[in-house]
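Residue numbers (our numbering): 5 to 315.
In this text, a Cβ means the ideal position worked out from N, Cα and C, and glycines have one as well.
Put into C-alpha cells, the structure is as follows:
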C-alpha cells in the first residue's frame with residue numbers, strides 16, 4: 005500500500021509538521037509513504053496551460069497511490085489559492101470515476117468513436133487507475149483561534165476526494181500557536197495527526213463503502229462538515245450537497261438527513277452518475293459555434309483591457 009502526502013504550506017511549517025506526523029504513523033502501520041510539497045510544483049492558469057506545468061505529474065503520483073493525506077494552512081478563511089489551482093488543473097472528467105468508467109466501457113465495446121471527447125477532456129486514453137479504491141485524510145491548520153476564520157479550508161480539501169470517489173477516513177482542524185512550525189509545541193495536535201495517519205493507513209485498499217470515518221461526526225453524515233445552507237425549511241450541506249430538513253425540538257435546531265437526501269452528496273456514486281448524465285445532456289444542447297461567434301462579436305473589443313508590463 006502506498007500513501008501520498010501533499011503539504012500545502014511553508015516548508016517546515018505547522019501544516020507540514022502535522023502531515024509528517026500523520027505519514028510517520030502510517031509508516032508504522034507498514035505503509036510506504038512519500039510527500040509532495042505544493043510549493044515545489046510549477047502550476048499555470050488555464051490561459052497559459054499550453055506552456056505546461058506539473059499538474060499532470062502530480063496526478064500521475066496520485067493515481068499510483070492507494071490513498072492521500074492533504075495538510076493545508078488557512079489563508080483568508082480558506083486553503084491556499086495554489087491548491088485550488090492544482091485541483092482545477094489536475095482534476096476534472098479525466099479523473100472522475102464515472103466519466104472514465106463510461107469511456108472505458110465504450111472502448112471495450114468498440115464504441116470509442118462515440119466518446120464525447122470534448123466533454124470528457126480526454127486528450128489521451130482513459131486511465132484505468134482512476135477506478136482504484138482510495139482513502140483520504142485531511143488536515144486544516146489555522147492561525148486564528150476563532151473557528152469561523154477556518155471555515156472553508158476543509159471543504160476545499162474535499163474537492164480532491166469526490167471526483168476519484170475517495171473515501172475520507174478522517175479529518176481534523178486545529179489552530180496553531182504561531183511561529184514557523186509552532187504546532188510542535190501542541191502535543192495534542194501532533195497526536196491527533198498521528199491518529200489520522202493510522203486511520204487512513206489501516207483502511208487502504210478497502211472498497212469505498214467499507215471505509216469507516218473515524219473523525220468527529222460533524223453535522224453532515226456524508227462529509228462530516230458543518231457548512232449548512234438554508235433553503236426555506238430545507239437544508240443542504242454546502243460542502244457536498246447532501247439534502248435534509250431543519251427540525252426544531254424543545255428549542256434545539258438540528259438537521260435531519262434522510263437516506264434519499266444523502267444520495268445527492270457529491271461523495272456518492274449516485275450523484276456522480278447524475279452529474280455525468282446532466283453534462284451529457286448539456287453537451288447535446290450546445291449552440292452551434294458559428295451562432296456563438298455571431299453573438300459574441302459585439303463583446304470582443306467592447307472594453308479596454310489592461311495588462312501588466314512584461315520584460
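Spanning the alpha carbons of residue 201 and residue 65 requires a straight line of approximately 19 Å. Residue 290 sits in coil when the DSSP states are folded into three classes, being neither helix nor strand. The beta-bridge partner set that DSSP reports for residue 258 consists of 251. Within the same chain, 268, 269 and 270 come within 6 Å of residue 245 by CB-CB distance, once the 5 residues on both sides are set aside. For residue 233, the three-state secondary structure derived from DSSP is strand. Counting along the chain, the unbroken alpha helix (DSSP H) around residue 63 starts and ends at 59-68.
Sequence-distant partners of residue 221 (beyond 5 residues in either direction) whose C-beta falls short of 7 Å from its own C-beta, in its chain, are 228.
Contact between residue 208 and residue 5 holds: their C-beta atoms lie close to 4 Å from each other, under 8 Å. Ranked by Cα distance from residue 98, the first of 134, 76 and 257 is 134.
Excluding the 5 residues flanking it on each side, residue 296 has no same chain C-beta neighbour closer than 6 Å. Residue 106 and residue 166 have their alpha carbons spaced roughly 17 Å apart. Every beta strand (DSSP E) stretch that sits fully inside the stretch 118-175 and reaches 3 residues is listed by chain position as 139-146.
Going by C-alpha positions, residue 79 is about 14 Å away from residue 150.
For the 9 Å CB-CB criterion, residue 61 and residue 45 form a contact.
Within the same chain, 244, 246, 266, 269 and 271 come within 6 Å of residue 226 by CB-CB distance, once the 5 residues on both sides are set aside. The C-beta of residue 175 has 16 or more other C-beta atoms within 10 Å across all chains shown, which makes the residue buried. Close CB contacts of residue 193 within its chain, under the 6 Å cut and outside five residues either way in sequence, are with 178 and 187 (chain order). The Cβ-Cβ distance between residue 28 and residue 198 falls below 9 Å.
Between the C-alpha atoms of residue 14 and residue 232 there is a straight-line separation of about 31 Å. The DSSP-derived three-state label of residue 209 is coil. Pairing residue 111 with residue 129 gives a Cβ-Cβ distance under 9 Å. Around the CB of residue 148, fewer than 16 other CB atoms lie within 10 Å, so the residue is classed as exposed. Here residue 26 has 73, 197, 200 and 201 as same chain residues with Cβ atoms under 6 Å from its own Cβ, once five neighbours each way along the sequence are excluded. Unbroken beta strand (DSSP E) stretches of 3 residues or longer found wholly inside the stretch 82-107: none. For the options 139, 161 and 71, the alpha carbon positioned closest to that of residue 91 is the one of 161.
Among the bridge pairs identified by DSSP, residue 41 is matched with 11.
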